[in-house]
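Everything below concerns the one structure shown next.
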Amino acid sequence: MKQWQNFSKGFFKENAVFVMLLGMCPTLAVTNSAINGLGMGLATTFVLMMSNIVISLIKNLIPNKVRIPTFIVVIAAFVTVVDLVMAGYAPALHEQLGIFIPLIVVNCVVLGRAEAFASKNNVVSSFFDGLGMGLGFAMALTMLGAIREMLGNYSIFGWKFINHDGILVFILSPGAFIALGFLIAFVNKVTKKV
Amino acid sequence: MAKTESTFLNMFLTLLIVTAVSSLAASAVYNLTKGPIAEVQRLKLQKAISQVMPGFTELKKVQMMPATGSDSLTFFEGLKDGQEIGVAVKTYTNLGYSGLIKLMVGFKPDGTITNIEVLEQKETPGLGTKMATPKFKDQFMGKNPATFKVEVKKDGGQVDAITAATISSRAFCDAVMRAYTTFEQLEKKQNNQEEGE
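Have a look at this one:
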């Protein structure tokens, strides 16, 4: 029951994008298509899960004064792994996401969970927290990517349903802000009622 | 287990161990993925070459400095049964809306463009990225830059620019022209060598 809470809070109650507004840089930048949002979300999920596990394992060995640099080094190691594996086995996605994969290192969601959760909880809880938070982030990015792709390119996951150029602004950066604003408002309206 | 004290030695050792283990892990993964990454790059180049210059059986690689620009261009001369059937040129421009664009341009021996592939670009999604679509780049197919002015119509050329992406279209033309002029230089140089022999 407790683990279910650790896992599920990442989706709506404490969603990184909709509620905490963390990790806005990749959220706004890469979500011009649903597949990009999903890819970025899953890459972040992997890093978040692994760094949470490792940090909760070594939390007692780390002197308090150097905990942040230690967290960053652990996170950076996992990001490098994701970056290299993606370049080798998913080159198309890697090309699309470009600089934003290395930038997961400085994603506030990852460091935030390390500091606020993994450094205070045991391994199992940290694992579920990382997985839930990561999948919640991936869900938010995929939703935003899907909306922007549907309006901006009239397609969903690359499948075009109207053979015409879309509303261009939604593919460009202003569209990211507009779509995200409406999405947050909508999600808050729905979740407040429940 | 008690929390480790923040003494100088403890902090030093923790950071030393954490960074050492992390870099070890990263280098292990680097070695594992080195092969697949190189393979992906090679296949991508191979695919681009055969897109712009179909039917070759042998490739000859030549590097040549362009008259303008800071980096050399790579020429892949395609041979079939000992006969030159064309050249694929890996060219670039820095004039893109977001900087560097890399193209692969295929020429017949007489300088006619066979096809163009976009290798690398960071243009605005939905605007400049349309340079990779057939609608834009197919207008270069079968044209010879000696008679077809590779410049956007706004600048007095014959190229239809992409709507709302004139800068990207201009950059595309720049890269194609850099490939063409260098290609001509190379041909001249090779002809001179043959005459001299």
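Protein chains in written order, with our numbering: chain A, 717 to 910; chain B, 150 to 346. The C-beta atom is built at its ideal place from N, Cα and C for all residues, glycine as well.
query	result
Same chain, Cβ closer than 8 Å to glutamate 831(A), five either side skipped, listed in chain order	Arg783, Ile784, Phe787
Close Cβ partners of glycine 757(A) (< 8 Å) along its chain, the five nearest in sequence each way excluded	Gly850, Leu851, Phe853, Ala854, Met855, Ala856, Leu857, Thr858
Where the beta strand (DSSP E) containing asparagine 264(B) begins and where it ends	262 to 269
Residues, ordered as in the chain, of the stretch 758 to 791 of chain A that lie near chain B by beta-carbon distance below 7 Å	Asn776, Leu777, Ile778, Pro779, Asn780, Lys781, Val782, Pro785, Thr786, Val789, Val790
Contained alpha helix (DSSP H) runs [length at least 4] in the stretch 818 to 849 of chain A, N- to C-terminal order	824 to 829
Cβ-based neighbour list, phenylalanine 289(B), same chain, cut-off 7 Å, excluding 5 preceding and 5 following	Ile262, Ile265, Val325
Straight-line gap, phenylalanine 794(A) to threonine 156(B) (C-alpha atoms, nearest Å)	28 Å
Below-8 Å beta-carbon distance, leucine 744(A) vs any chain B residue	no
Inter-stretch contact (C-beta, 8 Å, three-pair minimum) for the stretch 220 to 234 of chain B and the stretch 192 to 209 of chain B	yes
Nearest residue (CA-CA) to aspartate 799(A), options Ala310(B), Pro294(B), Lys196(B), Ser176(B)	Ser176(B)
Near-chain B residues of the stretch 801 to 814 of chain A - C-beta to any C-beta below 7 Å	Val801, Ala803, Gly804, Tyr805, Pro807
CB contact below 8 Å: glycine 275(B) versus chain A	yes
Alpha-carbon to alpha-carbon, phenylalanine 297(B) and lysine 257(B)	15 Å
Exposure label - threonine 282(B); buried when at least 16 CB within 10 Å	exposed
Isoleucine 791(A), buried or exposed, once every other Cβ within 10 Å from all chains shown has been counted against 16	buried
Leucine 249(B) beta carbon less than 8 Å from that of alanine 197(B)	no
Reference asparagine 722(A); option with closest CA among Val801(A), Phe844(A), Val770(A), His880(A)	Phe844(A)
Exposure of serine 889(A), with buried meaning 16 or more beta-carbon neighbours within 10 Å	exposed
Buried/exposed call for lysine 775(A), threshold 16 Cβ in 10 Å	buried
Cβ contact check for the stretch 806 to 826 of chain A and the stretch 760 to 776 of chain A: 3 or more pairs under 8 Å	yes
Residue burial classification, glycine 235(B) (beta-carbon count within 10 angstroms, cutoff 16)	buried
Below-8 Å beta-carbon distance, lysine 284(B) vs any chain A residue	no
Ranges of the alpha helix (DSSP H) found wholly within the stretch 268 to 334 of chain B, counting only runs of at least 4	283 to 286
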